Amino acid sequence: MPLIDAHTHLDACGASNAEDVTAIVERAEAVGVVAVVTIADDLNSARWVTRAADWDPRVYAAVALHPTRADALTDAARAEIEELVAHPRVGAVGETGLDMYWPGRLDGWARPNVQREAFAWHIDLAKRAGKPLMIHNRNADHEVLDVLRAEGAPDTVIFHCFSSDSAMARECVAAGWLLSLSGTVSFRNARDLREAVPLIPMEQLLVETDAPFLTPHPYRGAANESYCLPYTVRALAELVNRRPEELAHTTTSNACRVYGLRTAQD
Ligand SMILES: [Zn+2]
Ligand SMILES: [Zn+2]
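If you're matching positions, the sequence shown starts at 5 in the working numbering and goes up one per residue.
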């Protein structure tokens, strides 16, 4: 069953050159993960992911400054990100959004208006570039919806590592957005999320590792990599009462559609 890892960070997984990238995607392909989308979080990473996408045909990229880097979005950074987004193997503008996980932090990127302004800029960029917007939302359901409404959402919106509750899932589904699920669906204590997942239509689902973060059960706590994706798909299949093969098929064609990917299966 072919799978696509809709969101990973190959550089944070330890890859620096073409050889390292190939080693990770070989391990992934050995278990059926035929393509990966590697996401930038800062400017260096944005430069690197576009190179990684050129090194291996199984790798695609997304570029943006992560909300926790929002204070680095200078005019020069904006100009460079705009250039990198135009790369033909960049499938999305991301990850951008809001991260309000850090209580008590009110300086630099943690200032709500700094994150909000950076998020708004990336929304506009996605529209101008005609590419999907990939959202990082941590503890900010209402604020993210607020900014999307105020700015106007691009045609394609992906919530990466969707971890919110049923109410948020309903809002996103009704808006036609895609929800990308990670290893957190396999965590028994993620009760709100596990209740929300069955509400998502198959056509709006993606699967991701967010590696090296968020290792799925039964490897929770160990280092995550794209080859761990089948565990998440099995946990998800159990949760929505579908066959893993069916989920693999649908999420792969969803990923190809939204990111504009071509895989060996085409
Ligand atoms: Zn994220
Ligand atoms: Zn990420």
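For each residue, glycine too, the CB sits at the ideal point set by N, CA and C. Please read these numbers as outputs of a predicted model, since none were measured by experiment.
Reference residue i, options the options, closest by Cα
i	options	result
Glu242	Gly264, Ala76, Val189	Val189
Asp272	Ala83, Ala80, Ala133, His70	Absent from the model: residue 272. The displayed extent of the chain is 5 to 270, so no value can be given.
Val67	Glu99, Ala194, Asp79	Glu99
Val38	Val63, Glu23, Ala57	Val63
Leu197	Leu210, Glu212, Ala171	Ala171
Arg120	Thr72, Ala16, Phe166	Thr72
Glu86	Trp125, Arg109, Ala16	Trp125
Val177	Leu209, Glu155, Gly156, Gly187	Leu209
Ala10	Glu199, Cys165, Leu110	Cys165
Thr78	Ser20, Ala130, Glu33, Val118	Val118
Ala83	Leu129, Ser168, Tyr105	Leu129
Ile162	Asp150, Asp169, Asn141, Val151	Asn141
Arg93	Glu250, Pro107, Arg192, Arg51	Arg51
Pro116	Asn143, Ala133, Trp181, Ala57	Asn143
Asp169	Gly156, Glu199, Ser257	Glu199
Leu218	Gly108, Phe191, Arg195	Phe191
Ala81	Ser49, Gly18, Gly112	Ser49
Ala133	Thr42, Arg261, His91	His91
Asn258	Glu207, Gly156, Lys131, Glu33	Glu207
Lys131	Ile139, Asp150, Trp106, Thr160	Thr160
Proximity below 8 Å, CB of residue i to CB of residue j
i	j	result
Met5	Pro205	no
Asp40	Thr12	The amino acid at residue 40 is misidentified as Asp; the sequence shows Val. In this structure, Thr12 lies closer than 8 Å to Val40 by Cβ.
Gly101	Val148	yes
Leu47	Ala96	no
Arg31	Tyr231	yes
Leu203	Ala173	yes
Ala74	Ala122	yes
Val29	Asp60	yes
Val2	Val237	Beyond the ends of the chain as shown, which are 5 and 270, falls residue 2; an answer cannot be given.
Leu240	Leu185	yes
Thr279	Leu7	Residue 279 falls outside the range modelled here, since the chain spans only 5 to 270, and no answer is possible.
Cβ neighbour criterion (16 or more within 10 Å) applied to residue i
i	result
Ala215	buried
Asn245	exposed
Asp270	Summary for Asp270: the model assigns pLDDT 48, below 50, so the residue's position carries little reliability; its value from the coordinates is reported in the next sentence. Classification for Asp270: exposed.
Ala179	exposed
His146	exposed
Ala158	Here residue 158 is Pro; the residue named in the question, Ala, does not match the sequence. It is buried - the Cβ of Pro158 has at least 16 other Cβ atoms within 10 Å.
Ala252	buried
Leu265	buried
Asp15	buried
Gly187	buried
Asn228	buried
Asn21	exposed
Leu110	exposed
Trp113	buried
Ala65	buried
Residue i - partner residues in DSSP beta bridges
i	result
Asp79	Its beta-bridge partners do not exist; DSSP assigns none.
Ile162	Met138, Leu182
Ala65	Thr42, Val94
Leu110	DSSP, once it has assigned bridges, lists no residue as partnering Leu110.
Val148	Bridge partners of Val148: none, in fact.
Ile85	Looking at the DSSP assignment, Ile85 forms no beta bridge with any residue, so it has no partner.
Thr256	Partner(s): none; Thr256 has no beta bridge.
Asp9	Val40
Val211	Leu185
Leu102	Asn141
Short CB-CB distance (under 8 Å) between residue i and chain B
i	result
Tyr235	Protein chain content of the structure displayed is limited to a single chain, and chain B is not contained in it.
Distance cut-off 7 Å: residue i Cβ against heavy atoms of ligand 3
i	result
Asp214	Because ligand 3 does not appear in the structure shown, any question about it cannot be addressed here, the ligands present being ligand 1 and ligand 2.
Residues whose Cβ lies closer than 6 Å to any heavy atom of ligand 1, in chain order: For ligand 1, the selected residues are Glu99, His140, His164, Cys165.
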